[in-house]
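Counting the sequence shown from 1 gives a position; our numbering is that position plus 106. All C-beta atoms in this analysis are idealised placements derived from N, C-alpha and C, irrespective of residue type, glycine included. Predicted, not measured: the structure shown is a model, and the values here were computed from it. What follows is one structure encoded as structure tokens, with my remarks underneath.
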Amino acid sequence: MLEDSIKYQLQGDDWLKRVGIGGLVVILGIFVVPLFTFQGYMLEVMRRVLGGDTATPPEWDELDLVEATVDGLRYLLVVLPYTIGALLVAMIPAAIVAVLGVASGNEGLFFVAVLIGVLCYFLGVIAVAVAVPVATANFVRKDSVSAAFDLDVVKTLVTNRTMLVAVLLAFAVNIIASVVGSVLGFTIVGLLAVPWVQFVFQSAIFYVWGSGFADAYEEEYGEPPLTRDTDVSSGDASAPADGTF
């Protein structure tokens with residue numbers, strides 16, 4: 107899966123054009139709105155992978171860019187609550203110990219609070235890293251922000267071994283991307299290529315998330331999350347669109 111994900115955007119006769127436009131969208135992200143367009147494109151990558159189509163990456167001229175941008179904006183409503191919520195919950199134990207330490211004048215207790223805070227922070231990061239891919243895929247599957255917070259699906263799949271392996275593989279892709287970006291950064295020409303590299307590797311991450319979710323979902327529920335002939339606006343073949351944002 108790792109190799110396939112990295113090669114995903116290099117498929118097809120028009121791959122150079124597709125990657126070229128993708129890199130330009132990354133660069134235009136300095137104007138904010140294209141960032142949401144970029145994110146919307148990544149969601150379309152995941153949608154295709156969830157439906158079993160891993161051979162035809164989305165072409166930019168086939169996308170409704172307004173719709174993709176709106177999807178990217180909606181996705182922000184998925185990521186932010188998970189990120190902020192997990193970190194806030196993780197910091198509660200440290201805050202309690204810190205307050206007790208200050209109230210008692212015990213410096214040792216305050217130091218313990220700092221250690222607990224650091225530990226809880228990393229636990230929060232891990233929780234987000236595991237939950238967000240599942241929430242993202244379910245958001246794409248149902249085309250609904252509320253589906254990202256379907257606790258039954260999220261709790262079931264975050265503990266699925268196949269999904270956990272996919273999360274680790276996506277983490278590996280991210281590390282490879284960082285290494286490649288760092289190496290390219292040593293030269294001006296290489297530095298200029300970073301946006302295009304980012305596009306390829308970000309696509310790879312969403313490919314891995316989507317593939318892992320599809321396999322895990324079928325393991326748990328006995329059916330694919332999406333099928334190629336499914337109307338993606340309705341989420342999945344077994345459930346009608348719920349009409350939610």
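query                                                                                                                                                                          : result
Would Leu263 pass as a contact of Phe217 if the rule is Cβ separation under 8 Å?                                                                                               : no
In chain order, what are the residue ranges of uninterrupted alpha helix (DSSP H) at least 4 long that sit wholly in the stretch 115–164?                                      : 121–133 and 139–156
Which same chain residues end up closer than 8 Å to Gly135 when comparing Cβ atoms and leaving out the 5 residues on each side of it in sequence?                              : Leu141 and Phe144
Just verifying my parser: in three-state terms, what is the DSSP assignment at Leu194?                                                                                         : helix
Mapping DSSP to helix, strand and coil, what is Phe292?                                                                                                                        : coil
Return the CA-CA distance between Val240 and Tyr181, expressed in angstroms with no decimal places.                                                                            : 13 Å
Once DSSP output is grouped into helix, strand and coil, what is the label at Met269?                                                                                          : helix
Residue range of the alpha helix (DSSP H) that Leu225 falls in?                                                                                                                : Glu213 to Lys248
I'd like the list of long-range same chain contacts for Leu171, defined as Cβ closer than 7 Å, with 5 residues on each side in sequence excluded.                              : Thr143
Using a 10 Å radius around the Cβ and a threshold of 16 neighbouring Cβ atoms, would you call Asp119 buried or exposed?                                                        : exposed
When the cut-off is 8 Å and only beta carbons count, does Arg267 lie next to chain B?                                                                                          : Here there is only one protein chain, and chain B is not present.
Grouping DSSP H, G and I as helix and E and B as strand, with all else coil, what is Asp110?                                                                                   : helix
Could you tell me the distance, in whole angstroms, from the CA atom of Ser317 to the CA atom of Glu173?                                                                       : 23 Å
How long is the line joining the alpha carbons of Val279 and Gly287, rounded to whole angstroms?                                                                               : 12 Å
Here's the rule: buried if 16 or more other CB atoms are within 10 angstroms of the residue's CB, otherwise exposed. What is Val285?                                           : exposed
Between which residues of its own chain and Val195 is the CB-CB distance below 6 Å, once the five residues before and five after are set aside?                                : none
To the nearest angstrom, how far is it from the Cα of Gly230 to the Cα of Leu193?                                                                                              : 5 Å
Less than 6 Å between C-beta atoms, sequence neighbours within five positions excluded: which residues of the same chain meet that for Phe245?                                 : Val184, Ala253 and Ala254
Counting C-beta neighbours from all protein chains within 10 Å, is the total for Gly178 16 or more, i.e. buried, or is it exposed?                                             : buried
Taking all protein chains shown into account, do 16 or more other C-beta atoms lie within 10 angstroms of the C-beta of Arg153, making it buried, or fewer, making it exposed? : buried
Short check: CB of Thr175 to CB of Val139, under 8 Å?                                                                                                                          : yes
Sort Thr242, Val289, Phe277 and Leu332 by Cα distance to Val260 and report the nearest one.                                                                                    : Thr242
State the DSSP-derived secondary structure class of Glu173, mapped to helix, strand or coil.                                                                                   : helix
Under three-state DSSP, which class holds Ala186?                                                                                                                              : Reading off the sequence shown, one finds Leu at residue 186, where the question assumed Ala. The answer is helix: DSSP assigns Leu186 an H, G or I state.
By a C-beta neighbour count over all protein chains shown, 10 Å radius and 16 as the cutoff for buried, is Phe305 buried or exposed?                                           : buried
Excluding the 5 residues flanking Ile311 on each side, which residues of the same chain have their C-beta closer than 7 Å to its C-beta?                                       : Ala276, Val279 and Asn280
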